[in-house]
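Enquirer: Structure incoming, see below.
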Amino acid sequence: MLSIFRKKCAVCKKKAAEPRKYFNEVNKPIVVCEKCVMYAERRAFRKRTA
Ligand SMILES: [Zn+2]
């Protein structure tokens with residue numbers, strides 16, 4: 101839960117420099133770094149706008 105606020109990438113678990121917000125497959129809000137955006141798109145994670 102706290103990892104969201106620390107802006108850690110949910111895919112590579114590293115600090116996300118330019119975090120993108122997504123929901124994962126169980127509708128959990130996650131943060132994905134720039135490098136893992138393609139992975140998130142492949143996994144059909146949905147973008148969060150807020
Ligand atoms: Zn990442």
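In the numbering used here, each residue carries its 1-based index in the sequence shown increased by 100. Glycine residues also receive a C-beta, built at the ideal position from the N, C-alpha and C atoms. Model, not experiment: these values are computed from the prediction.
Can you tell me whether V111 sits near ligand 2, meaning its C-beta is under 7 Å from at least one heavy atom of the ligand?
Expert: No copy of ligand 2 occurs in the structure displayed; its ligands are ligand 1 alone.
Enquirer: Quick one: using the 10 Å Cβ neighbour count with 16 as the cut-off for buried, is A117 buried or exposed?
Expert: A117 should be labelled exposed.
Enquirer: For the beta strand (DSSP E) containing R120, list its first residue and its last residue.
Expert: Unbroken beta strand (DSSP E) run through R120: R120 to F123.
Enquirer: Can you tell me whether DSSP reads V131 as helix, strand or coil?
Expert: Here V131 sits in strand by DSSP.
Enquirer: Would Y122 and I130 be called neighbours here (beta carbons separated by less than 8 Å)?
Expert: Result yes, Cβ atoms of Y122 and I130 sit closer than 8 Å.
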